[in-house]
Amino acid sequence: MWLMCLCALCLVLVLGVALFVREMLWRGSIFTEDSLRPPAPLVTDPKQRDEVLKRGFRRDRIPEDLDAVVIGSGLGGLSAAAVLAKAGKKVLVLEQHDQAGGCCHTFQNQGFEFDVGIHYVGQLHENSLLRVALEQITEGQLQFVPLEQQFDTVLLGQGSRRRAFHIHSGKEEMGESLRRQFPDNMLAVDQLMRLMKDAARHTPLLACLKMVPLWIVKFLMRTKLLSRISSVFDLASSSHSHQMAKLTRNKDLTALSSYFFYGAPPRDSSFLINALFLHHYKRGAYYPRGGASEFAFHIIPVIRKAGGAVLVRAPVERVLVDKKGTAYG
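Heads up: the sequence shown runs through residues 0 to 328, numbered per numbering that gives the first Met the number 0.
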(Lines of atoms letter the chains of each structure in order from A and count residues from 1; the text may use other names and numbers.)
(Lines give C-alpha, C1' and ligand atoms only; values in the text may rest on other atoms or scores of the structure.)
Protein backbone atom coordinates (compact mmCIF):
# COMPACT_ATOMS: atom_id res chain seq x y z
CA MET A 1 0.00 0.00 0.00
CA TRP A 2 2.69 2.46 0.97
CA LEU A 3 4.57 1.68 -2.22
CA MET A 4 1.52 2.61 -4.30
CA CYS A 5 1.17 5.87 -2.35
CA LEU A 6 4.84 6.61 -2.88
CA CYS A 7 4.54 5.98 -6.62
CA ALA A 8 1.49 8.23 -6.80
CA LEU A 9 3.31 10.98 -4.90
CA CYS A 10 6.30 10.74 -7.21
CA LEU A 11 4.01 10.96 -10.23
CA VAL A 12 2.36 14.10 -8.82
CA LEU A 13 5.75 15.68 -8.17
CA VAL A 14 7.10 14.83 -11.62
CA LEU A 15 3.99 16.20 -13.34
CA GLY A 16 4.07 19.34 -11.20
CA VAL A 17 7.73 20.02 -11.91
CA ALA A 18 7.25 19.27 -15.62
CA LEU A 19 4.36 21.73 -15.87
CA PHE A 20 6.30 24.36 -13.95
CA VAL A 21 9.37 24.00 -16.19
CA ARG A 22 7.19 24.04 -19.31
CA GLU A 23 5.50 27.24 -18.15
CA MET A 24 8.82 28.90 -17.42
CA LEU A 25 10.28 27.93 -20.78
CA TRP A 26 7.15 29.08 -22.57
CA ARG A 27 7.32 32.48 -20.96
CA GLY A 28 11.02 32.89 -21.60
CA SER A 29 13.75 33.48 -19.04
CA ILE A 30 14.43 36.85 -17.46
CA PHE A 31 18.06 35.80 -16.99
CA THR A 32 20.23 36.52 -20.02
CA GLU A 33 23.93 36.88 -20.72
CA ASP A 34 23.21 40.18 -22.44
CA SER A 35 22.44 41.81 -19.08
CA LEU A 36 26.00 41.25 -17.81
CA ARG A 37 28.53 44.07 -18.04
CA PRO A 38 32.30 44.11 -17.48
CA PRO A 39 32.96 44.87 -13.78
CA ALA A 40 33.31 48.60 -13.15
CA PRO A 41 36.06 50.00 -10.89
CA LEU A 42 35.42 49.68 -7.16
CA VAL A 43 33.53 52.72 -5.83
CA THR A 44 35.02 53.93 -2.55
CA ASP A 45 33.71 57.50 -2.42
CA PRO A 46 31.39 57.69 0.64
CA LYS A 47 28.99 60.18 -1.01
CA GLN A 48 28.49 57.96 -4.05
CA ARG A 49 27.89 54.91 -1.88
CA ASP A 50 25.52 56.75 0.47
CA GLU A 51 23.43 57.93 -2.49
CA VAL A 52 22.71 54.26 -3.23
CA LEU A 53 22.71 52.65 0.22
CA LYS A 54 21.33 55.46 2.40
CA ARG A 55 18.68 57.15 0.30
CA GLY A 56 16.11 58.26 2.88
CA PHE A 57 12.34 57.95 2.64
CA ARG A 58 10.37 60.90 1.30
CA ARG A 59 6.90 60.87 -0.17
CA ASP A 60 8.12 62.48 -3.41
CA ARG A 61 10.65 59.66 -3.84
CA ILE A 62 7.96 56.97 -4.04
CA PRO A 63 7.65 55.85 -7.70
CA GLU A 64 4.19 56.01 -9.27
CA ASP A 65 2.25 52.96 -10.49
CA LEU A 66 4.09 50.46 -8.33
CA ASP A 67 3.74 46.75 -9.02
CA ALA A 68 5.03 45.54 -5.65
CA VAL A 69 6.31 46.69 -2.27
CA VAL A 70 9.00 44.73 -0.44
CA ILE A 71 9.40 45.24 3.31
CA GLY A 72 13.02 44.91 4.39
CA SER A 73 16.22 45.36 2.38
CA GLY A 74 18.08 42.27 3.50
CA LEU A 75 19.59 40.06 0.82
CA GLY A 76 16.30 38.13 0.49
CA GLY A 77 14.20 41.26 0.01
CA LEU A 78 16.65 42.87 -2.40
CA SER A 79 17.01 39.66 -4.42
CA ALA A 80 13.23 39.29 -4.73
CA ALA A 81 12.92 42.93 -5.77
CA ALA A 82 15.73 42.59 -8.32
CA VAL A 83 14.17 39.50 -9.92
CA LEU A 84 10.84 41.34 -10.17
CA ALA A 85 12.66 44.32 -11.68
CA LYS A 86 14.30 42.10 -14.30
CA ALA A 87 10.79 40.88 -15.14
CA GLY A 88 9.82 44.49 -15.84
CA LYS A 89 8.11 45.24 -12.52
CA LYS A 90 8.39 48.53 -10.65
CA VAL A 91 9.24 47.70 -7.01
CA LEU A 92 9.57 49.82 -3.87
CA VAL A 93 11.77 48.42 -1.08
CA LEU A 94 11.26 49.94 2.39
CA GLU A 95 13.94 49.62 5.08
CA GLN A 96 13.61 50.86 8.67
CA HIS A 97 17.40 51.04 9.24
CA ASP A 98 19.47 53.95 7.97
CA GLN A 99 21.34 51.74 5.49
CA ALA A 100 20.13 49.12 3.03
CA GLY A 101 21.54 45.60 3.06
CA GLY A 102 20.36 43.93 6.28
CA CYS A 103 23.10 41.59 7.51
CA CYS A 104 25.13 42.59 4.46
CA HIS A 105 25.54 46.20 5.55
CA THR A 106 28.75 47.57 7.06
CA PHE A 107 29.73 50.29 9.50
CA GLN A 108 32.86 52.34 10.03
CA ASN A 109 34.72 53.05 13.24
CA GLN A 110 38.00 54.96 13.60
CA GLY A 111 38.70 54.68 9.87
CA PHE A 112 38.03 50.94 9.62
CA GLU A 113 35.05 49.25 7.96
CA PHE A 114 33.40 46.28 9.67
CA ASP A 115 30.98 43.66 8.34
CA VAL A 116 28.04 42.73 10.53
CA GLY A 117 27.08 39.39 8.99
CA ILE A 118 28.99 38.16 5.95
CA HIS A 119 32.23 36.36 6.76
CA TYR A 120 32.59 34.31 3.58
CA VAL A 121 30.36 32.64 1.01
CA GLY A 122 30.55 29.22 -0.64
CA GLN A 123 29.23 27.61 -3.83
CA LEU A 124 30.64 30.38 -6.02
CA HIS A 125 32.72 28.20 -8.33
CA GLU A 126 32.42 28.69 -12.08
CA ASN A 127 28.87 28.23 -13.42
CA SER A 128 27.41 27.40 -9.99
CA LEU A 129 23.73 28.24 -9.52
CA LEU A 130 24.47 30.80 -6.78
CA ARG A 131 27.13 32.53 -8.85
CA VAL A 132 24.89 32.75 -11.91
CA ALA A 133 22.03 34.14 -9.79
CA LEU A 134 24.25 36.79 -8.15
CA GLU A 135 25.70 37.78 -11.50
CA GLN A 136 22.20 38.28 -12.89
CA ILE A 137 20.81 40.41 -10.06
CA THR A 138 23.96 42.59 -10.06
CA GLU A 139 24.55 42.62 -13.84
CA GLY A 140 27.94 41.02 -13.26
CA GLN A 141 29.24 43.80 -11.01
CA LEU A 142 29.64 41.83 -7.77
CA GLN A 143 33.10 40.29 -7.66
CA PHE A 144 34.50 37.71 -5.21
CA VAL A 145 37.98 36.86 -4.00
CA PRO A 146 38.70 33.18 -3.19
CA LEU A 147 40.03 32.52 0.32
CA GLU A 148 42.88 30.16 1.10
CA GLN A 149 42.06 26.47 1.31
CA GLN A 150 42.33 26.66 5.12
CA PHE A 151 39.59 29.25 5.31
CA ASP A 152 38.80 29.17 9.03
CA THR A 153 40.15 28.16 12.44
CA VAL A 154 37.97 27.21 15.40
CA LEU A 155 39.26 27.57 18.98
CA LEU A 156 37.74 25.34 21.66
CA GLY A 157 38.49 25.58 25.39
CA GLN A 158 40.33 28.23 27.35
CA GLY A 159 43.81 28.91 28.68
CA SER A 160 46.21 25.97 28.58
CA ARG A 161 43.37 23.69 27.43
CA ARG A 162 42.61 25.74 24.35
CA ARG A 163 42.63 23.67 21.16
CA ALA A 164 42.78 24.96 17.58
CA PHE A 165 41.08 23.11 14.73
CA HIS A 166 41.25 24.06 11.07
CA ILE A 167 38.55 23.96 8.40
CA HIS A 168 39.66 23.29 4.83
CA SER A 169 37.74 23.56 1.59
CA GLY A 170 38.00 21.00 -1.18
CA LYS A 171 35.95 17.94 -2.13
CA GLU A 172 38.54 15.58 -0.64
CA GLU A 173 40.64 18.00 1.39
CA MET A 174 37.88 18.82 3.89
CA GLY A 175 37.54 15.20 4.96
CA GLU A 176 41.29 14.57 4.87
CA SER A 177 41.89 17.58 7.13
CA LEU A 178 39.35 16.33 9.69
CA ARG A 179 40.83 12.82 9.62
CA ARG A 180 44.32 14.23 10.32
CA GLN A 181 42.97 16.22 13.28
CA PHE A 182 40.84 13.35 14.61
CA PRO A 183 42.90 10.20 13.89
CA ASP A 184 40.87 8.15 16.40
CA ASN A 185 37.60 9.10 14.71
CA MET A 186 38.31 8.46 11.05
CA LEU A 187 35.20 6.32 10.62
CA ALA A 188 33.05 9.03 12.22
CA VAL A 189 34.53 11.62 9.85
CA ASP A 190 33.79 9.38 6.85
CA GLN A 191 30.20 8.93 8.03
CA LEU A 192 29.85 12.68 8.59
CA MET A 193 31.08 13.37 5.05
CA ARG A 194 28.58 10.86 3.67
CA LEU A 195 25.71 12.43 5.61
CA MET A 196 26.74 15.88 4.37
CA LYS A 197 26.62 14.64 0.79
CA ASP A 198 23.25 12.94 1.30
CA ALA A 199 21.85 16.07 2.94
CA ALA A 200 22.92 18.29 0.04
CA ARG A 201 21.60 15.85 -2.53
CA HIS A 202 18.18 15.26 -0.95
CA THR A 203 17.34 18.62 0.64
CA PRO A 204 15.29 19.65 -2.44
CA LEU A 205 12.79 17.00 -1.32
CA LEU A 206 11.95 19.27 1.63
CA ALA A 207 11.04 22.01 -0.82
CA CYS A 208 8.98 19.53 -2.84
CA LEU A 209 6.69 19.07 0.16
CA LYS A 210 5.57 22.68 -0.40
CA MET A 211 4.25 21.64 -3.82
CA VAL A 212 2.22 18.74 -2.45
CA PRO A 213 -1.33 19.13 -1.06
CA LEU A 214 -1.34 19.46 2.72
CA TRP A 215 -3.45 16.33 3.25
CA ILE A 216 -0.81 14.23 1.46
CA VAL A 217 1.97 15.71 3.60
CA LYS A 218 0.02 14.97 6.80
CA PHE A 219 -0.62 11.42 5.60
CA LEU A 220 3.07 10.85 4.88
CA MET A 221 4.03 12.20 8.29
CA ARG A 222 1.38 10.22 10.15
CA THR A 223 2.31 6.94 8.44
CA LYS A 224 6.06 7.70 8.75
CA LEU A 225 6.50 7.17 5.03
CA LEU A 226 8.69 10.26 4.75
CA SER A 227 11.64 8.43 6.29
CA ARG A 228 11.16 5.67 3.70
CA ILE A 229 11.36 8.21 0.91
CA SER A 230 14.61 9.76 2.15
CA SER A 231 16.70 9.97 5.32
CA VAL A 232 16.82 13.76 4.90
CA PHE A 233 13.46 14.05 6.64
CA ASP A 234 14.86 12.38 9.77
CA LEU A 235 17.98 14.56 9.63
CA ALA A 236 15.79 17.66 9.43
CA SER A 237 14.16 16.84 12.76
CA SER A 238 17.37 15.80 14.57
CA SER A 239 19.54 18.00 16.75
CA HIS A 240 23.23 18.05 15.95
CA SER A 241 24.25 16.42 19.23
CA HIS A 242 21.67 13.63 18.80
CA GLN A 243 22.90 12.73 15.30
CA MET A 244 26.60 13.05 16.11
CA ALA A 245 26.18 10.81 19.17
CA LYS A 246 25.47 8.00 16.70
CA LEU A 247 28.85 8.62 15.06
CA THR A 248 31.25 9.52 17.85
CA ARG A 249 31.75 10.39 21.51
CA ASN A 250 34.32 13.03 20.65
CA LYS A 251 32.85 16.34 21.82
CA ASP A 252 35.44 18.37 19.92
CA LEU A 253 34.39 16.84 16.60
CA THR A 254 30.75 17.43 17.51
CA ALA A 255 31.42 21.08 18.38
CA LEU A 256 33.65 21.69 15.35
CA SER A 257 31.04 20.35 12.93
CA SER A 258 28.40 22.69 14.39
CA TYR A 259 30.42 25.88 14.77
CA PHE A 260 28.42 27.77 12.13
CA PHE A 261 25.61 28.14 14.67
CA TYR A 262 27.39 30.92 16.57
CA GLY A 263 26.43 30.90 20.24
CA ALA A 264 24.16 27.84 20.00
CA PRO A 265 25.32 24.53 21.53
CA PRO A 266 25.03 21.40 19.36
CA ARG A 267 21.95 20.22 21.28
CA ASP A 268 20.09 23.36 20.18
CA SER A 269 21.17 23.39 16.53
CA SER A 270 19.95 21.43 13.53
CA PHE A 271 22.16 18.65 12.21
CA LEU A 272 20.80 19.12 8.70
CA ILE A 273 21.61 22.84 8.62
CA ASN A 274 25.09 22.27 10.03
CA ALA A 275 25.75 19.55 7.44
CA LEU A 276 24.57 21.83 4.65
CA PHE A 277 26.75 24.67 5.94
CA LEU A 278 29.88 22.52 5.88
CA HIS A 279 29.02 21.09 2.48
CA HIS A 280 28.45 24.64 1.22
CA TYR A 281 32.19 25.33 1.49
CA LYS A 282 33.49 22.13 -0.06
CA ARG A 283 34.08 23.95 -3.33
CA GLY A 284 35.80 26.87 -1.66
CA ALA A 285 35.09 29.98 0.40
CA TYR A 286 34.90 33.48 -1.09
CA TYR A 287 34.74 37.06 0.13
CA PRO A 288 33.03 39.93 -1.74
CA ARG A 289 35.60 42.31 -3.19
CA GLY A 290 35.04 45.65 -1.46
CA GLY A 291 33.16 44.25 1.54
CA ALA A 292 29.70 42.93 2.32
CA SER A 293 27.92 46.17 1.42
CA GLU A 294 28.78 45.47 -2.22
CA PHE A 295 25.77 43.11 -2.37
CA ALA A 296 23.26 45.91 -1.82
CA PHE A 297 25.35 48.49 -3.67
CA HIS A 298 25.11 46.51 -6.92
CA ILE A 299 21.60 45.05 -6.54
CA ILE A 300 19.87 48.39 -5.92
CA PRO A 301 20.75 49.89 -9.36
CA VAL A 302 19.00 46.91 -11.02
CA ILE A 303 15.84 47.75 -9.05
CA ARG A 304 16.15 51.42 -9.95
CA LYS A 305 16.66 50.69 -13.64
CA ALA A 306 13.11 49.30 -13.82
CA GLY A 307 11.73 52.45 -12.18
CA GLY A 308 11.77 51.17 -8.60
CA ALA A 309 13.42 52.53 -5.47
CA VAL A 310 15.05 51.43 -2.22
CA LEU A 311 14.36 53.85 0.62
CA VAL A 312 15.75 53.68 4.16
CA ARG A 313 14.51 55.14 7.45
CA ALA A 314 11.08 53.87 6.39
CA PRO A 315 9.56 51.71 9.17
CA VAL A 316 6.38 49.92 8.10
CA GLU A 317 3.70 50.02 10.79
CA ARG A 318 1.09 47.80 9.16
CA VAL A 319 0.05 46.19 5.88
CA LEU A 320 -3.44 47.01 4.59
CA VAL A 321 -5.37 43.83 3.76
CA ASP A 322 -8.82 43.60 2.18
CA LYS A 323 -11.58 41.11 3.03
CA LYS A 324 -10.09 38.55 0.66
CA GLY A 325 -6.75 38.69 2.45
CA THR A 326 -5.03 40.58 -0.37
CA ALA A 327 -2.67 43.46 0.40
CA TYR A 328 -3.62 46.75 -1.19
CA GLY A 329 -2.57 50.37 -1.17
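Glycine included, every Cβ here is placed at the ideal spot set by N, Cα and C. Quick caveat, the model's predicted, so the values are computed rather than measured.
Measure the C-alpha to C-alpha separation of residue i and residue j and round it to an integer number of angstroms.
i      : j      : result
GLY328 : LEU35  : 34 Å
CYS102 : LYS53  : 15 Å
GLN122 : ALA199 : 12 Å
LEU93  : LEU219 : 40 Å
LEU124 : MET185 : A quick correction: the sequence has His, not Leu, at residue 124. Going by the C-alpha atoms only, they are around 28 Å apart.
HIS341 : ARG282 : In the structure as shown, the chain starts at 0 and stops at 328, and residue 341 therefore has no counterpart that could be examined.
PRO45  : GLY100 : 16 Å
THR152 : ILE298 : 31 Å
VAL315 : PHE143 : 33 Å
LEU213 : THR222 : 14 Å
MET210 : ASP183 : 44 Å
PHE106 : ASP59  : 28 Å
ALA206 : SER236 : 15 Å
VAL231 : HIS165 : 27 Å
GLN109 : ARG48  : 18 Å
ASP416 : PRO62  : Because the chain here runs from 0 to 328, residue 416 falls outside it and cannot be looked at.
GLU175 : MET192 : 10 Å
TYR286 : HIS104 : 14 Å
VAL318 : LEU65  : 15 Å
ALA326 : VAL320 : 4 Å
ALA305 : LYS322 : 31 Å
ASP33  : SER159 : 58 Å
THR31  : ALA132 : 11 Å
ARG130 : ALA254 : 30 Å
LEU41  : GLN190 : 44 Å
ARG303 : GLY324 : 29 Å
ARG57  : THR43  : 26 Å
ARG179 : PHE150 : 17 Å
ALA263 : GLN157 : 18 Å
ARG50  : LEU77  : Residue 50 is actually Glu in this sequence, not Arg. Their backbone Cα atoms lie some 17 Å apart in a straight line.
Apart from the five residues on each side of it in sequence, which residues of its chain come closer than 6 Å, Cβ to Cβ, to residue i?
i      : result
LEU208 : VAL216
SER229 : HIS201, LEU204
MET195 : ALA274, LEU277, HIS278
LEU177 : VAL188
MET280 : Inspection of the sequence shows that residue 280 is occupied by Tyr rather than by Met. Closer than 6 Å at Cβ, skipping near neighbours: GLY121, SER168.
GLN95  : PRO314
ILE29  : LYS85, ALA86
Within this structure, are the beta carbons of residue i and residue j separated by less than 7 Å?
i      : j      : result
PHE276 : PHE294 : no
LEU154 : ALA284 : no
LEU225 : LEU271 : no
LEU252 : PHE181 : yes
Output needed for residue i: all residues of its chain with C-beta closer than 7 Å, excluding positions within five of it in sequence on either side, in chain order.
i      : result
ALA67  : LEU83, LYS88, VAL90
SER257 : HIS239, PRO265, SER268, ASN273
PRO38  : GLY139, GLN140, GLN142
ASN126 : none
GLN148 : HIS167, SER168, GLY169, GLU172
ASP114 : THR105, GLY290, ALA291
GLN98  : LEU52, LYS53, HIS104, VAL311
ALA163 : THR152, LEU154
GLU112 : THR105, GLY290
ALA79  : VAL69
GLY55  : LEU310, VAL311, ARG312
On the DSSP bridge assignment, give the partners of residue i in chain order.
i      : result
GLY270 : First, the amino acid is wrong: residue 270 is Phe here, not Gly. Its beta-bridge partners do not exist; DSSP assigns none.
PHE164 : VAL153
VAL92  : VAL69, VAL309
VAL144 : TYR286
ALA244 : For ALA244, which the question treats as bridged, DSSP gives no partner whatsoever.
VAL120 : TYR285
ASP114 : THR105
PHE28  : At residue 28 the sequence reads Ser, which differs from the Phe that was named. SER28 is not bridged to any residue.
ALA254 : None, per the DSSP bridge assignment.
SER236 : SER236 is not bridged to any residue.
GLY55  : VAL311
VAL320 : ALA326
By Cβ distance, which residues of its chain are closer than 8 Å to residue i, with the 5 residues on each side in sequence left out?
i      : result
VAL301 : ALA81, ALA84, LYS85, ILE136, THR137, GLU138
ARG161 : LEU154, LEU155
LEU10  : Confidence in LEU10 is poor, its pLDDT being 44 and thus under 50, which makes the residue's placement too unreliable to answer from.
GLN242 : LEU194, LEU234, PHE270
So with Cβ pairs under 7 Å, would you call residue i a contact of chain E?
i      : result
PHE294 : Although the question refers to chain E, the structure presented lacks it and comprises just one protein chain.
Okay, do the region 309-320 and the region 61-81 touch, 3+ Cβ pairs below 8 Å being the bar?
yes
Tell me whether the region 282-292 and the region 111-121 touch, counting them as touching only if at least three CB pairs, one residue from each stretch, are closer than 8 Å.
yes
Are the region 233-252 and the region 127-139 in contact at 8 Å, needing three or more beta carbon pairs?
no
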